Amino acid sequence: MENQEESNRRPLAVRNISITKRIAVWLSQKNITPNQISLMSIVFAAVGFAFSAGYYFWPAPVWLVLFALMIQMRLLCNLFDGMVAVEGGKKTPAGELFNDVPDRIADPLLIVAAGLVAYSAFAMPLAWVAALLAVLSAYIRVLGVSMDCPADFRGPMAKQHRMALLTVTLLVMAINQWFDLLPNVGLYLMDIALATMVIGCAFTCWRRLAFIFNTKEQQAQAASVAASEPLSEPLNEKAHD
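Okay, here's the thing in structure tokens:
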């Protein structure tokens, strides 16, 4: 069971960085549970939404930087809840519930918030479609695990890719607005990012569905071969006699 839980974790190289390990150890020694860290991701996403609303009503670049910061804080919650639970030895029976459900709230909240800082009339529809596809991609992954398939975190628009795309776009928008580099093109940067996310999420969903289908086909073939092997042994022995 423990090996299965390990295989269901998203592979992240940042877990092996020394400072990350130190922070995880420090958190593990405090009166903080992994579930509380998971719930904090929703708080940071909600604050990020508030910052995007601030930009909507008062388009100052500082809102964009603060929004980007909240996205990264949310990702840190996603990182440290698992590290405190697994490496810190503070797993709880309902850990999987807290690990997954807050993500399904925080992810669409931040993506829809990105629609508020975009410019075109299609921004909010794009944001909602991207948010729905993001939830769908996670649902497909969980569905695959429930069907005895390995957890599939492939992209090209998995969670870390979506959040990286939003963060970079927000920072580029802020820099562009501060220095007035590309005033006309800069207005549509988030629209372009959201359109990219929609296409990427749709492709990600298709790849994960294809992975589940191919895995189940391979499992069925392996089971068929295994079932036929005991029948072939007596026949071979009889022929040998």
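The sequence shown begins at 2 in this note's numbering and counts up one residue at a time.
Using N, Cα and C, we set each Cβ at its ideal position, and we do this for glycine too.
Being a predicted model, the structure only gives us computed values, none of them experimental.
With respect to the alpha helix (DSSP H) encompassing residue i, which residues constitute its N-terminal and C-terminal limits?
{"i": "alanine 36", "result": "Note on identity: in this sequence residue 36 is asparagine, with alanine being the wrong assignment. Run containing asparagine 36: 35 to 58, per the alpha helix (DSSP H) assignment."}
{"i": "arginine 16", "result": "From DSSP, arginine 16 is part of no alpha helix (DSSP H); its letter is neither H nor E."}
{"i": "glutamate 88", "result": "Run containing glutamate 88: none; DSSP gives neither H nor E here."}
{"i": "arginine 163", "result": "160 to 180"}
{"i": "methionine 125", "result": "124 to 147"}
{"i": "proline 184", "result": "184 to 187"}
{"i": "proline 103", "result": "96 to 117"}
Out of curiosity, what's the CA-to-CA distance linking residue i and residue j?
{"i": "leucine 77", "j": "cysteine 206", "result": "25 Å"}
{"i": "asparagine 36", "j": "alanine 115", "result": "26 Å"}
{"i": "methionine 191", "j": "tyrosine 57", "result": "13 Å"}
{"i": "leucine 285", "j": "glutamine 30", "result": "No answer is possible for residue 285: it lies beyond the span of the chain, which begins at 2 and ends at 242."}
{"i": "aspartate 108", "j": "glutamate 218", "result": "32 Å"}
{"i": "alanine 223", "j": "serine 138", "result": "27 Å"}
{"i": "isoleucine 72", "j": "proline 126", "result": "21 Å"}
{"i": "arginine 105", "j": "glycine 49", "result": "16 Å"}
{"i": "arginine 163", "j": "alanine 119", "result": "16 Å"}
{"i": "glycine 83", "j": "threonine 34", "result": "10 Å"}
{"i": "tryptophan 27", "j": "threonine 21", "result": "10 Å"}
{"i": "threonine 93", "j": "arginine 208", "result": "32 Å"}
{"i": "serine 229", "j": "valine 146", "result": "27 Å"}
{"i": "alanine 14", "j": "glutamate 88", "result": "15 Å"}
{"i": "proline 103", "j": "asparagine 79", "result": "9 Å"}
{"i": "methionine 2", "j": "valine 85", "result": "Caution is warranted here: a pLDDT of 35 is assigned to methionine 2, below 50, making its placement in the model unreliable, and the coordinate value is therefore given only provisionally. In a straight line, the C-alpha of methionine 2 is about 18 Å away from that of valine 85."}
{"i": "methionine 158", "j": "serine 121", "result": "22 Å"}
{"i": "leucine 166", "j": "alanine 194", "result": "7 Å"}
Am I right that residue i and residue j are in contact with their C-beta atoms under 8 Å? What's the rounded C-beta distance?
{"i": "proline 12", "j": "phenylalanine 212", "result": "At roughly 15 Å, the Cβ-Cβ gap does not stay under 8 Å, so proline 12 and phenylalanine 212 are not in contact."}
{"i": "valine 113", "j": "alanine 132", "result": "5 Å"}
{"i": "alanine 175", "j": "proline 62", "result": "4 Å"}
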